[in-house]
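J.: So the sequence shown is numbered by the working numbering: it starts at 771 and just counts up by one. Once you've had a glance at the structure underneath, I'll fire off some questions.
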Amino acid sequence: MMKATEKITALQATALLMLAIMPTGLLYLPAIVTKIAAQDAWISVLVSLLLGLGLAFYIGYLTLQNPGMSFIRWIESRLGRIAALIIGLFLTKYYVSVSAVALQEFSTFIADEILQRTPVFIIVSIVMIVVLYAVYHGLETIARVTLIVFFLNVVLTFIGLLLLGKDLHFAYLLPVGEKPVPVILKGSISPFIWLTEVAVLLIIGPFLNKKQYLMRTSVTGVLLAGTWNVLLVMLAILIFGPKLVQLVAYPSFAVVSLVEIGNFLERLEIVFISLWITTMYVKIALFMFAASHCLNDLFRIENKLPIQLGLGLFTLMTALYSWDNTADFSEFMRLAGPPHLFLANIAIPLLLGIALWFMKRTAHRRGEQNDG
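Now the structure itself:
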């Protein structure tokens, strides 16, 4: 179980939230949304950001109700052992599943684009070893690394936007608003589902050194990730046009492949890919930490290493053997991914909020009856 003295800053938590959301959407988001909303895809992503901010406010509010206990212990103190057991086991399963999916996406991209001759088992094993090392050293270690990666992302994004200016074709965005509202709303579903991962704040919130910044952390994390998504989709459309974006396997990296400085510095996409790799390490490490933290806390396990190793091995095997090919994985992401994210990140927080409100109201009524 995590040491009580371990604390992270609001800035570190904000960076963690952004990098929990951003990396996986970076691969597929432009293609997914443009298939539905074409040149209006950026509007769909903007709508998803507004919805995500609403959820972020709620998650921030809910986290503020926690007096500083770990999330599972807080659930147990308010709703009882059975509720804590059900929620804790489900969230452990969820965080392991998300980690396995991220690991699969990571290994598929690396094997397809960079290390074609390296066995996938070697790739995912190396990733998991590094991730488990970070998880073992705790959330503070993960948060420090995350902050470095976060600032590198900001700097490189700014540089990339400046260097891509000459390749932008604003005519590709026209006509604006051509798609009907139902189509735009349909296009907003996938990016919004990714933004729901802000709910991991329920786990890491008690580690903040200043509780009063929880709401700001939640909203800012989603705002940064959502803004990144809008920029990403707009850039892909402005450079390739909505039809071509749908045909490119990894539109985001096709975009950065155009970045160059004169004729002497080219193929800068390897810099952006290297940075993306670090963001994937952060995402997987954060969710593996959350899974380990839930399980350790649920069963009061003091020696965290065996649990972390067991979860790491299970995640590794899940990523390697759950899907026979890319088509199976895509089908899983389309059919099973959104409901899973909805249950863990929307349904559970909503039900928890309702239960806490009901208990507070019941206690208030009892107090009035006793006073009477």
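Backbone N, C-alpha and C define an ideal beta-carbon position, used for all residues, glycine too. In this text the structure is predicted, and so the values were computed from the model without any measurement.
(1) Between Val1052, Ile1009, Glu1072, Ala780, which lies nearest to threonine 911 when the distance is taken from Cα to Cα?
(2) Nearest by alpha-carbon distance to valine 951: which of Ala808, Thr784, Gly1107, Phe1102 is it?
(3) Could you give the C-beta distance for proline 1119 and leucine 832, rounded to a whole number, given that I count them as a contact under 8 Å?
(4) By Cβ distance below 8 Å, which residues in the same chain neighbour isoleucine 1116 in space, the five residues on each side in sequence not counted?
(5) Find the nearest neighbour of valine 897 within the set Met1050, Phe920, Tyr865, Ser1022, judged by alpha-carbon distance.
(6) On the DSSP bridge assignment, give the partners of leucine 978 in chain order.
(7) Mind checking whether isoleucine 791 and alanine 995 have CB atoms under 8 Å apart?
(8) At 4 residues or longer, what runs of the alpha helix (DSSP H) sit wholly inside the stretch 1033-1110?
(9) For the alpha helix (DSSP H) that asparagine 836 lies in, which residues bound it at each end?
(10) Assign tryptophan 1127 to buried or exposed, taking buried as 16 or more other Cβ atoms, counted over all protein chains shown, within 10 Å of its Cβ.
(11) Does the Cβ-Cβ distance between leucine 1081 and phenylalanine 920 come in under 8 Å?
(12) In chain order, which continuous runs of the beta strand (DSSP E) of length 3 or greater are located wholly inside the stretch 870-927?
(13) Can you check whether the CB of glycine 822 is closer than 8 Å to the CB of valine 992?
(14) When the Cα atoms are used, what is the spatial distance from glutamine 1078 to valine 871?
(15) For glycine 795, which residues of its own chain have a beta-carbon under 7 Å away from its beta-carbon, when the five flanking residues on both sides are left out?
(16) Assign serine 1022 to one of three DSSP states: helix, strand, or coil.
(17) Assign asparagine 923 to one of two classes, buried (16 or more other C-beta atoms within 10 Å of its C-beta) or exposed (fewer than that).
(18) Could you pull out every unbroken alpha helix (DSSP H) segment of at least 4 residues lying fully inside the stretch 933-964, listed in chain order?
(19) Would you please state the rounded distance, in angstroms, between the beta carbons of alanine 801 and proline 1012? I believe it to be under 8 Å.
(20) Roughly how many whole angstroms lie between the Cα atoms of leucine 859 and cysteine 1064?
(21) Thinking glycine 975 and asparagine 836 are a contact (beta carbons under 8 Å), I'd like their distance in whole angstroms, please.
(22) Can you tell me the Cβ-Cβ gap for glutamine 982 and threonine 804, rounded? I've got them flagged as a contact below 8 Å.
(23) Buried or exposed, going by whether 16 or more other CB atoms sit within 10 Å of the CB of glutamate 883?
(24) Whose CA, out of His939, Leu885, Thr784, Val868, lies closest to the CA of isoleucine 1054?
(25) My understanding is that methionine 1087 touches valine 905, with C-beta atoms under 8 Å, so please give their C-beta distance in whole angstroms.
(26) Does the Cβ of glutamate 910 lie closer than 7 Å to at least one heavy atom of the ligand ADP?
(27) DSSP on glutamate 1030, reduced to helix/strand/coil?
(28) Using CA coordinates, which residue listed in His907, Phe1084, Leu1090, Ile959 is at the minimum distance from glutamate 776?
(29) The alpha helix (DSSP H) that contains glycine 1011, what's its start and end?
(30) Excluding the 5 residues flanking arginine 848 on each side, which residues of the same chain have their C-beta closer than 7 Å to its C-beta?
(31) With a 10 Å radius around its C-beta and 16 neighbouring C-beta atoms as the bar for buried, classify proline 793 as buried or exposed.
(32) Starting from the Cα of valine 815, find the closest Cα among Phe827, Ile829, Tyr828, Leu799 and give me that residue.
(33) Using the three-state DSSP reduction, which class does glutamine 809 fall into: helix, strand or coil?
T.: Straight from the coordinates:
(1) Val1052
(2) Ala808
(3) 6 Å
(4) Leu825, Thr966, Ala969
(5) Met1050
(6) Ile778
(7) yes
(8) 1039-1068, 1074-1091, 1096-1105
(9) No alpha helix (DSSP H) holds asparagine 836; DSSP gives it neither H nor E.
(10) exposed
(11) no
(12) none
(13) yes
(14) 18 Å
(15) Pro961, Trp964, Asn999
(16) helix
(17) buried
(18) 951-957
(19) Not really, about 10 Å apart at Cβ, beyond 8 Å.
(20) 8 Å
(21) 6 Å
(22) Actually they do not touch by this definition, with Cβ atoms about 41 Å apart.
(23) exposed
(24) Val868
(25) That belief does not hold up - the Cβ atoms of methionine 1087 and valine 905 are roughly 17 Å apart, past 8 Å.
(26) No copy of the ligand ADP occurs in the structure displayed, which carries no ligand at all.
(27) coil
(28) His907
(29) Segment: none, glycine 1011 is in no alpha helix (DSSP H) and carries neither H nor E.
(30) Leu1126, Met1129
(31) buried
(32) Leu799
(33) helix
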